[in-house]
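Let me begin by presenting the structure, written as structure tokens, before commenting on it.
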Amino acid sequence: MFNSSGDAPPPPPQQEQQEQNNDQSQQEWETMARAWLSSFAEAKEVTMPEVEAWLDANLASLPEGLRSMPRSDLCLRLISIQNCMRLPSQNPEEKEVNQLDLPNARFQRTDQWLPVYSWLETLDKDEVVKSKDISEWLTENPKVQEQLCSRHSKYHLMHYIKKCHLKILKRREKKKGIEKLEKDTSLMVHKDVAMKHASPVPSCSINNLPKDSDLYVAKRNEAYQKYEILVELEKLLSPIFPKQHTMV
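According to full-length UniProt numbering, the stretch in the sequence shown is residues 1 to 248, in order.
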């Protein structure tokens, strides 16, 4: 219904009072949540199990509007509050200089992050990706940007992506080192084997062996077989050489 001036009528006093109470309850709850989040170290990101445990312990004090929210949305709201609290005083220039000096961030292997990981894997770079490149990629992928920005501030999003790329670069460097080590080891083994094959086998004179030893008998039989082969070869070749001599 509208009044004579065409404006909607003001809400009943009881409804207005209820809305004010709800707003006040939510502000009190947010103040309590901020006090709890402030107990964590500045660079530490609160984990989902920690958030759920805190919600379970303080469920009775939650406003009705928050109690009716899905648990996952409520957890994300708490995490979003912490993201707004962390490092609020730094200006963009200081952030750009200091962001890689922060402790390692916790990366979540969720569907929201998979496109980022895939993109970072395709980068052919030897240094950490720049903020400008990240911003351009996020602009070209608005859905990914919207999902990630709903959980992280822009600065922390940049920080997480750079730390992730740094891990990828370290993994590649480690892999190259292992491959080079394996290649060098393979060459050394091949060279060593070749040298062993090239080294002459020490001769052992049959005259120095005891005549009743197995090695003496084996050497004697081997020499006799070679002698028989040479005799047969001589018989085969002897008719040929005179003919060649005559022709010459």
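Virtual Cβ for every residue (Gly too), placed ideally from N, Cα, C. Computed from a predicted model, the values in this text were never measured in an experiment.
Its chain contains 75, 78 and 79 as the residues whose beta carbon lies nearer than 7 Å to that of residue 51, once the 5 sequence neighbours on both sides are disregarded; these appear in chain order. With contact defined as three or more Cβ pairs closer than 8 Å, the stretch 148 to 166 and the stretch 119 to 126 are in contact. In this structure, residue 83 places its C-beta atom within 9 Å of the C-beta atom of residue 153. For the 9 Å CB-CB criterion, residue 36 and residue 61 do not form a contact. Only buried fits residue 157, as 16 or more other CB atoms lie within 10 angstroms of its CB. Residue state for residue 141 is assigned as coil, using DSSP reduced to three classes. Apart from sequence neighbours up to five positions away, no residue of its chain approaches residue 239 with a beta-carbon distance below 7 Å. For residue 208, there is no enclosing alpha helix (DSSP H), as DSSP marks it with neither H nor E. The continuous alpha helix (DSSP H) containing residue 118 extends over residues 114 to 122.
Collapsing the DSSP output to three states places residue 221 in a helix. With 16 or more other CB atoms across the displayed protein chains lying within 10 angstroms of its CB, residue 134 is buried. Counting along the chain, residue 55 sits inside the alpha helix (DSSP H) bounded by residues 48 to 57. For residue 45, the secondary structure class from DSSP, reduced to helix, strand or coil, is coil. DSSP places residue 126 in the coil class of the three-state scheme, outside both helix and strand.
By a beta-carbon distance limit of 8 Å, residue 138 contacts residue 145. Their separation comes to about 4 Å. Our two residues, residue 216 and residue 209, have alpha carbons roughly 6 Å apart in a direct line.
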